[in-house]
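**Student:** Numbering (our numbering), first residue to last: 1 to 113. Each residue gets a CB set at the ideal place from its N, CA and C atoms; glycine is no exception. Here you go, one structure.
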Amino acid sequence: MKLVIAIIQPDKLEEVKEELYKAEINLLTVSEVLGHGRQKGITEVYRGHKETGNLLRKVRLEIAVNDHFLEPTIKAIVRGAKTGETGDGKIFILDLKECIRIRTEERGSTAIG
Ligand SMILES: Nc1ncnc2c1ncn2[C@@H]1O[C@H](COP(=O)(O)OP(=O)(O)OP(=O)(O)O)[C@@H](O)[C@H]1O
Ligand SMILES: [Mg+2]
Numbered sequence: 001m002k003l004v005i006a007i008i009q010p011d012k013l014e015e016v017k018e019e020l021y022k023a024e025i026n027l028l029t030v031s032e033v034l035g036h037g038r039q040k041g042i043t044e045v046y047r048g049h050k051e052t053g054n055l056l057r058k059v060r061l062e063i064a065v066n067d068h069f070l071e072p073t074i075k076a077i078v079r080g081a082k083t084g085e086t087g088d089g090k091i092f093i094l095d096l097k098e099c100i101r102i103r104t105e106e107r108g109s110t111a112i113g
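This is the structure in structure tokens:
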């Protein structure tokens with residue numbers, strides 16, 4: 001199992017969600033966060049996302065998937081979020097040790113989807 005963490009532009013959230021649904025990835029967590037990449041937030045002002053100082057408003061997605069869903073998940077996020085401009089975002093992949101559905105106490109692959 002993997003945990004996919006993606007930081008994207010807030011205005012790309014709807015497109016990323018649509019791409020994820022098309023790929024049958026229907027479970028996700030979304031948070032509003034602040035951050036900057038290697039331009040330290042400076043060159044993204046034109047995109048209209050300037051916030052306090054050089055920290056820019058971003059959206060963070062967390063998606064836990066079985067291994068065979070990893071590549072489809074990455075591809076869906078890229079399809080939805082990529083413009084080719086700086087600040088499009090980043091995807092981090094972590095090994096996920098366990099997942100437990102609280103209601104049923106199922107674990108692992110059964111619990112995840
Ligand atoms: N190494 C990192 N560690 C933690 N968060 C990061 C890292 N890189 C990027 N982020 C987060 O991802 C967001 C988007 O990053 P961004 O797309 O600007 O990356 P970048 O490396 O600067 O690439 P680009 O040159 O395409 O802009 C940042 O605002 C920040 O929140
Ligand atoms: Mg950047």
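Per the DSSP calculation, Phe-92 is bridged to which residue(s)?
**Tutor:** Partner(s): Ile-5.
**Student:** Any contact between the region 74 to 81 and the region 31 to 40? By contact I mean 3 or more CB pairs, one from each, below 8 angstroms.
**Tutor:** Because the criterion of three Cβ pairs below 8 angstroms is not met, the region 74 to 81 and the region 31 to 40 do not touch.
**Student:** Can you tell me whether Lys-22 is helix, strand or coil according to DSSP?
**Tutor:** The answer is helix: DSSP assigns Lys-22 an H, G or I state.
**Student:** What does the shell around ligand 2 hold, if a residue joins when its beta-carbon is under 6 angstroms from any heavy atom?
**Tutor:** Listed along the chain, these residues meet the criterion: Gly-37, Arg-38, Gln-39, Thr-86 and Gly-87.
**Student:** Tell me, which residues are paired with Ala-64 by DSSP?
**Tutor:** Partner(s): Leu-3.
**Student:** Does the separation of the CB atoms of Gly-108 and Glu-98 fall below 8 angstroms?
**Tutor:** Contact flag set, yes.
**Student:** Do Lys-22 and ligand 1 come close, with the Cβ less than 7 angstroms from some heavy atom?
**Tutor:** Flag unset: Cβ of Lys-22 not near ligand 1.
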